[in-house]
Structures are given as C-alpha cells and as structure tokens.
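Engineer: Residue numbers (our numbering), protein chains in the order written: chain F, 60 to 388; chain H, 227 to 514.
This structure is in structure tokens; I'll ask about it shortly.
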C-alpha cells in the first residue's frame, strides 16, 4: 500500500515535470513566460526560506540580504574580473553562507518577533552599505550587465525559455534538498526546534548548531536566486538587490501555501503570482500598491482562518475524501 | 566644534521625543499583550494624514488636530485588538508576527493607492520659526512636538501608576494569570493597551506634521527606530523605551552630522547590532 502510494507520488512528479519542461514549447507569449519565470524564481526563494522559516520556525524577514549578496558577488566577479556568472553564482552562495554566520550569531540571540526584527535590520543595513560605498559596487545608480547576446556560458540567452529552464532547475534543486532534509534526522530536529526550542534542547537537540546549519543552506540557495535574477533583468542596484519585498514574498508564499511543507511555497507562489498577474492585466501597473494590498489581505485571511495554509486545506479535504470512501485494498 | 556637537545633540533629542511616543506604544503592547505590533509605524502615518487633511480641508492647525487623531486611533486600536489580535493570541509566534505585519502592509499599500506616493506638507505660522541661544538654533515646531511628547509620556506614566485601569494593565503585564484571578478581564485590558498605544502613534503623527512630510512609507522610518529603542530599553519597559528613544535620536543626529547625511540609519542599525552582540537583554539589563 505505502509502496503503491510512493510509486504513484513519483508518477505524479514525473508527469508534472514533463508538463513543466514542455510548457515553453507550447506557450510562446513572452508575457506568459515572464510570469512562469517569476513563479519558478519566487517558489525557489520561498523553498529556501521555508527550510529555516517553515520547518524550524525561525521567521526571518531578511532574506533579501542573501539575495543581494548573491546578486552583487556574481555581478562584481563578472564585470570586474570577467568571471562567468555560473561560477559567480556558486561564489555568491558561498559569500552568503559566510555572511550568515555572524548575522545568525547575532540574530539567533533573539527569539520570536525580535529575531524577525533583527533580520530586517541586517538586510537593511547591508542595503545601506551598498548604497554608501560606491567604490566597489556602483552606489545607488547601480549598473547594467553588459549584454553579450547569446552567451550561455555567461548565463545570457537569446531565448526567454532558456531562463525558464534555469529557474526550473533551481526550483528542482531546492525541492530535492528540502525533500532530503525532510526525510533526514536534521528534518526532525528542525521541526522539534520549530515546535518548542527549549523542549528540543532538553531532549538533546543541539539547537544552535542545527539553526546555524539550516541558515547556511537557506542563505546559499537564496543567493543563487539573486544571481539568476540579476542576469535575467540585466541590471543591479541596491534597491532591487536588497529589496524588502523579496524578504516579504519569500515568507508570504510559504505561509499562504503551507508553512513547513515541501510543496507549500510552490503552491503559495502559484496563487500569489497568478493573482498579481491577473490584477496587473486588469488594472494595468498604474495603480501602485494594489499587488501588496491584495497579498496582505490573502495573508490575513490565511492567518485568521487557516494558519496551515492551502496545504492544510488540501490535506483536510483529502482526509475527508478518504474517510468517505471505504478502503478498497 | 563643541557648538556643532551641542546642536546635533539638541536636534537628536527633539526628534527623539517623537521616537519615544512610537516606542512607548510598541513597548506597551509588548508588555501587556505580549505581541510586537509591526504596524505601529503605519498608525503614525495615519495620524499624519488625518492632520494633513484637517489642515488642508478645514485649516485646522496640526497641533489642534491631536484631539481628533488620538481618539480616532484609540478606537482603531480597540477594534484591532478585539477583532483581529484577540484571535491569534496563543503560544504560536507565526500568526502573531504575520498578522500585524500583514496589517502594516495593508495600511501602507492602501495609503499608496488612495493618496499616491506624493509628499504632503502642512505649512503653519510657526513652521519656520526658531529660537536662538547663542549659536544654537531650536526650531519651534520641533520644540512644541518634543514638549507635547514628553507631557503625553508623563501622562501615560501617571495613568499606569495611579488609576485602577492603569494598575490593572501593569498587573496583566507582570502576571497575566494572577491578574485574571483577581478579576481583571484580559481582553478589556488588551483593548485599552492597543488603544493607548495607537493613540500615542497618532499623536506622534500630528506632532510631526508641521515639520515633516507625510507619505505612505513614512511609518517605516519611525517603526524601525522604535524597534531598536525598545530592544535597547529592555522589552516591555516604558521608561527604558523613552530613554533609549532619546539616545537613538541623538545617535542618529550625531551620525548625520559627523558621518554623512545618509548615515543616520547606519548608526542606528550599528547600535542595534552592538546591543544584540553585547547586551541582548537591553540597557535596562533585566533578563526577559
């Protein structure tokens, strides 16, 4: 029975992957591909956030720090040293991991809302540093990424679909890592810390070490997204790279979709980004603030009525369905 | 040189008074209801817009519109506690943090939709007036704001220490279970705490209006400052928040004077990070 379920699960995933790979071959509209890329990218950032924020309930609103560090590391390496962003992407991830150590050492001293505030402050402080020091990072004006035409080795593509596949690859990586962690001891430690940190420590979980490790992984993945995004929009400045909205969306998609679940961030992103795309096509982008107004209303509704998110709703519906249909096997 | 320092300190103290109104609200809610209100800055913004529209439509002085903005925000606070926050109180952090955070996002973006991102200012007869002491320069509007802010903080202290309701609030903040056994209705106390905190934020908004521009994001500046001040001043401690706010104002102003115009916030963040590194329980030193 479990074996059958597992096989069925893998079949679903294989079918879904096939559809996602075929999608850009069928859909040619560049507007639609653009939305798909946004969905994949933010789902990936959400997955990275969810590892720490979802499973261990360390509710960071400062993940833009790592997004920005990833973006800046690869861009500086590319423009000043001619190093490919593929290498820069990994370098950015490593820089983000190194940065997460002191940031984590400070922020993890605080619990609950004050941890959240401290993470906001670190991301904002990093943005201010990049705004202020013009010598190594072009200051407030930022810079455009030199357009090399079709240069796959420099992560630049003529076809938008290529970016789609890179983003899809990133999301697959994030989900695979989450799946591995969820099934490992680390996953159980994380959930234990998320449920009750003191109790977890009392039964022998080394909470500071586990939190540090998951922060390393989470910041590494977030930095990859930063590099990708900069290559995709050919532009970088502190306000884009360290945008608070990135931190917000990372948390939001996970909470709306289902905090601390494998697929939660993906489902949340599909809902939020689709809503946002529809709003934009109805109202145009002229009405500032409409997107986040709607996001915040969705977030409030989820928190007040279904704190487990859409995954929770789906699980309940499935449980009802199963209990209605008598077991066949 | 000495004069420049003195001037920077004065500027910092004056704006620190406004920070204090916001921080005291945050710390009051944290102390009594045990949640952090991420939307506190947005209520400063609402206070500013109330004063702006009263001044613009009816020519009412922003200082007079305090008597409108404070009650309006008091009622808003009671409603928010009763209909929203009450539903998420419990051991779980996530709903509490993200409910008030969602509220902050909602108010900010509604303001952006309704009022656009334009800067709104009110010009009063005293907006450009200043007192001169030797080489020192004290803008009248900021001085009035500071004095009123200190009076309101003192009034809050008297309320918390002499009235039954104030004592009930302090009791509920120190020992919630015992307070409940003594017949204190927690939701009623929480409603008052939210109301008072939001009224203070509204007052901060009205007091700012003669010398500061209103725009949808304005609250973010003040709320960040307040969070830092509240950590510095020990969470939940009203006097600590007041002292820390004045210090933050001075630190920011010295930063602007000696490091550069855009470095005020860097100084503030540096202070936060140093506090966390060396004294995570705040300057008051009491363990949480």
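Even for Gly, the Cβ is constructed at its ideal location relative to N, Cα and C.
In this text the structure is predicted, and so the values were computed from the model without any measurement.
For chain F, check one thing: does any of its Cβ atoms lie closer than 8 Å to the Cβ of residue 384 (chain H)?
Structural biologist: Not closer than 8 Å to any Cβ of chain F, the Cβ of residue 384 (chain H) fails to qualify, so no.
Engineer: In terms of DSSP beta bridges, what is residue 364 (chain H) paired with?
Structural biologist: Answer is H:357, bridged to residue 364 (chain H).
Engineer: Roughly how many angstroms lie between the CA atoms of residue 193 (chain F) and residue 297 (chain F), to the nearest whole one?
Structural biologist: Distance between the alpha carbons of residue 193 (chain F) and residue 297 (chain F): 11 Å.
Engineer: Could you name the residues of the same chain whose beta carbon sits closer than 6 Å to that of residue 467 (chain H), not counting the 5 residues immediately before and after it, in chain order?
Structural biologist: Around residue 467 (chain H): 249, 250, 253, 455, 456 and 459.
Engineer: If you follow the alpha helix (DSSP H) that residue 242 (chain F) is part of, which residue opens it and which one closes it?
Structural biologist: From DSSP, residue 242 (chain F) is part of no alpha helix (DSSP H); its letter is neither H nor E.
Engineer: Residue range of the alpha helix (DSSP H) that residue 341 (chain F) falls in?
Structural biologist: Here the alpha helix (DSSP H) through residue 341 (chain F) covers 323-342.
Engineer: For residue 292 (chain F), does the three-state DSSP call read helix, strand or coil?
Structural biologist: Helix, per DSSP.
Engineer: Helix, strand or coil for residue 218 (chain F), going by three-state DSSP, please let me know.
Structural biologist: Coil.
Engineer: Helix, strand or coil for residue 202 (chain F), going by three-state DSSP, please let me know.
Structural biologist: Note: residue 202 (chain F) maps to strand in three-state DSSP.
Engineer: CA-CA distance, residue 209 (chain F) and residue 452 (chain H)?
Structural biologist: One C-alpha to the other measures close to 49 Å.
Engineer: Quick check for students: name the residue ranges of the alpha helix (DSSP H) that lie wholly in the segment 277-333 of chain H, counting only runs of 4 or more.
Structural biologist: Within the segment 277-333 of chain H, the complete alpha helix (DSSP H) runs of at least 4 residues are 292-309.
Engineer: Expressed to the nearest angstrom, what Euclidean distance is found between the alpha-carbon atoms of residue 411 (chain H) and residue 423 (chain H)?
Structural biologist: Distance between the alpha carbons of residue 411 (chain H) and residue 423 (chain H) is about 19 Å.
Engineer: Between which two residues does the alpha helix (DSSP H) harbouring residue 354 (chain F) extend?
Structural biologist: Per DSSP, residue 354 (chain F) belongs to the alpha helix (DSSP H) from 349-364.
Engineer: Mapping the DSSP letters down to three states, classify residue 383 (chain F) as helix, strand or coil.
Structural biologist: In the structure shown, residue 383 (chain F) sits in a helix (DSSP, three-state: H, G or I).
Engineer: Closer than 8 Å, CB to CB, is residue 237 (chain H) near chain F or not?
Structural biologist: Output row for residue 237 (chain H): interface = no.
Engineer: Under three-state DSSP, which class holds residue 440 (chain H)?
Structural biologist: Three-state result, residue 440 (chain H): strand.
Engineer: Can you tell me where the alpha helix (DSSP H) holding residue 182 (chain F) begins and where it ends?
Structural biologist: Unbroken alpha helix (DSSP H) run through residue 182 (chain F): 171-191.
Engineer: Once DSSP output is grouped into helix, strand and coil, what is the label at residue 168 (chain F)?
Structural biologist: Note: residue 168 (chain F) maps to coil in three-state DSSP.
Engineer: Assuming contact is defined by CB atoms lying nearer than 8 Å, are residue 295 (chain F) and residue 151 (chain F) in contact in what I supplied?
Structural biologist: It is not a contact, given that the beta carbons lie outside the stated cut-off.
Engineer: Spell out whether any CB of chain F is found under 8 Å from the CB atom of residue 321 (chain H).
Structural biologist: Answer yes: the Cβ-Cβ gap between residue 321 (chain H) and chain F drops below 8 Å somewhere.
Engineer: Whether or not the segment 233-242 of chain F and the segment 320-331 of chain F are in contact is what I'm after, with contact meaning three or more pairs of Cβ atoms, one per stretch, closer than 8 Å; do they touch?
Structural biologist: As far as the Cβ criterion goes, the segment 320-331 of chain F touches the segment 233-242 of chain F, which means the pair count is three or higher.
Engineer: Residue 352 (chain F) touches chain H at which residues, Cβ-Cβ below 7 Å?
Structural biologist: Within 7 Å Cβ-Cβ: 332, 335, 336 and 339.
Engineer: Among F:249, F:197, F:225 and F:301, which one has its Cα closest to the Cα of residue 135 (chain F)?
Structural biologist: Per the Cα distances, F:197.
Engineer: State buried or exposed for residue 213 (chain F), treating a residue as buried only when at least 16 other CB atoms are found within 10 Å of its CB.
Structural biologist: Looking at its Cβ environment, which holds 16 or more other Cβ atoms inside 10 Å, residue 213 (chain F) is buried.
Engineer: What residues in its chain sit with their C-beta under 7 Å from that of residue 326 (chain F), if we drop five residues either side in the sequence?
Structural biologist: Once the five neighbours on either side are set aside, the close Cβ partners of residue 326 (chain F) are 316, 317, 369 and 370.
Engineer: What whole-angstrom Cβ distance do residue 104 (chain F) and residue 284 (chain F) have, given they're in contact under 8 Å?
Structural biologist: Right, the Cβ-Cβ distance comes to about 5 Å (below 8 Å), so this counts as a contact.
Engineer: Where does residue 115 (chain F) fall in DSSP's three states?
Structural biologist: Here residue 115 (chain F) sits in coil by DSSP.
Engineer: Which residue comes first and which comes last in the alpha helix (DSSP H) that contains residue 140 (chain F)?
Structural biologist: Start and end: 123-140.
Engineer: Out of curiosity, what's the CA-to-CA distance linking residue 222 (chain F) and residue 321 (chain H)?
Structural biologist: About 36 Å.
Engineer: Straight-line CA distance for residue 169 (chain F) to residue 471 (chain H)?
Structural biologist: Distance between the alpha carbons of residue 169 (chain F) and residue 471 (chain H) is about 20 Å.
Engineer: Could you check whether the Cβ of residue 457 (chain H) sits closer than 8 Å to any Cβ belonging to chain F?
Structural biologist: It does: the Cβ of residue 457 (chain H) has a partner Cβ on chain F nearer than 8 Å.
Engineer: Compare the C-beta of residue 270 (chain F) with all C-beta atoms of chain H and state if any pair is closer than 8 Å.
Structural biologist: Not an interface residue.
Engineer: Between residue 324 (chain F) and chain H, is there a C-beta pair that is closer than 8 Å?
Structural biologist: So, not an interface residue.
Engineer: What are the boundary residues of the alpha helix (DSSP H) that residue 254 (chain H) is part of?
Structural biologist: Counting along the chain, the alpha helix (DSSP H) containing residue 254 (chain H) begins and ends at 228-259.
Engineer: Leaving out the 5 sequence neighbours to the left and right, which residues in its chain are closer than 6 Å to residue 235 (chain H) when beta-carbon positions are compared?
Structural biologist: Excluding residues within five positions, the ones whose Cβ falls inside 6 Å are 476.
Engineer: At a CB-CB cut-off below 9 Å, which residues of chain H make contact with residue 183 (chain F)?
Structural biologist: Here the neighbours are 450, 491 and 495.
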